[in-house]
Every structure is written in C-alpha cells, then in structure tokens.
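Q:
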Amino acid sequence: MSKKTLVLGASLKPHRYSNMAIRRLQNYKHEVVPIGLRVGDVNGIKILKGKPEVEGIDTVTLYMNPKRQVEFYDYILGLNPKRIIFNPGTENMELVELAQAKGIETEIACTLVMLSVGNY
137 MSKKTLVLGA SLKPHRYSNM AIRRLQNYKH EVVPIGLRVG DVNGIKILKG
187 KPEVEGIDTV TLYMNPKRQV EFYDYILGLN PKRIIFNPGT ENMELVELAQ
237 AKGIETEIAC TLVMLSVGNY
C-alpha cells in the first residue's frame with residue numbers, strides 16, 4: 137500500500153541519504169513530497185522549498201538536524217501525519233513528545249533500512 141511520504145531535508149546531491157530515500161521510496165511506489173533548501177529535481181520529482189500546503193501525508197521522514205527542525209514543528213504537526221520517522225542524526229525528543237501528544241506515531245529508525253527489510 138502506498139504511503140504518501142514527505143521527505144524533510146531533501147537534497148539534490150545523489151550521495152545524500154535524503155536523496156537516496158526519495159529514489160527508494162519512488163521505487164517502492166510511495167508518493168514522495170520532498171522539501172529542501174534548494175528547488176530542483178530528483179528522478180523526476182520536484183524538490184519544493186519552504187512550507188508548502190500538502191494534504192494526505194501518511195509519513196514525514198526527517199533528514200534535518202534537531203536545531204533546524206524547530207522552525208518546522210508547527211508545519212510538521214499541522215500536516216497531521218500518521219507517523220514521523222527520525223533518521224540517524226535527527227533524533228529530537230522535544231518533537232517526539234509534541235507528536236505523541238497529538239497521537240502521531242514516532243519512530244527512531246532509518247527509512248532506507250525500513251524499506252529494505254519490508255517494515256515501512
């Protein structure tokens with residue numbers, strides 16, 4: 137089943153994990169909405185900037201350090217995703233607690249590993 141996924145901290149650089157995640161999510165037939173610092177294109181998917189209005193997000197997967205996440209708290213929580221994945225280096229207990237208080241599932245995990253082992 138496709139899970140519409142917002143990749144926050146998307147990079148245009150192919151060697152970055154966020155870029156790999158965009159491509160891997162696409163390979164697994166998940167709809168991807170990447171948001172990054174620069175507008176561009178990854179495998180035919182346009183990277184957006186800022187805090188665009190998006191509906192129907194199942195999962196937010198973070199590739200942004202905790203200090204940078206702060207300005208996105210309201211945006212992330214306002215998307216009302218079913219879950220937020222904190223990839224390695226993005227762990228943030230403050231955001232975990234805010235999300236859980238809203239009934240949003242949180243996982244400290246790696247999106248790429250989750251996809252490869254079939255538990256995404």
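The sequence shown begins at 137 in our numbering and counts up one residue at a time. Beta carbons: idealized from backbone N, C-alpha and C, even for Gly. Note that the structure is predicted; figures quoted are calculated from it, not measured.
1. So for D210, helix, strand or coil by DSSP?
2. Kindly give me the distance between the Cβ atoms of I171 and L184, rounded to whole angstroms, as I take these residues to be in contact under 8 Å.
3. For a quick check, are the C-beta atoms of L234 and L213 less than 8 Å apart?
4. Going straight from the alpha carbon of L84 to that of L248, what length do you get?
5. Which residues bound the beta strand (DSSP E) around P170?
A: Once the coordinates are examined:
1. In the structure shown, the three-state DSSP call for D210 is helix.
2. 5 Å
3. yes
4. For residue 84 there is no data in the structure shown, the boundaries of the chain being 137 and 256.
5. V168 to G172
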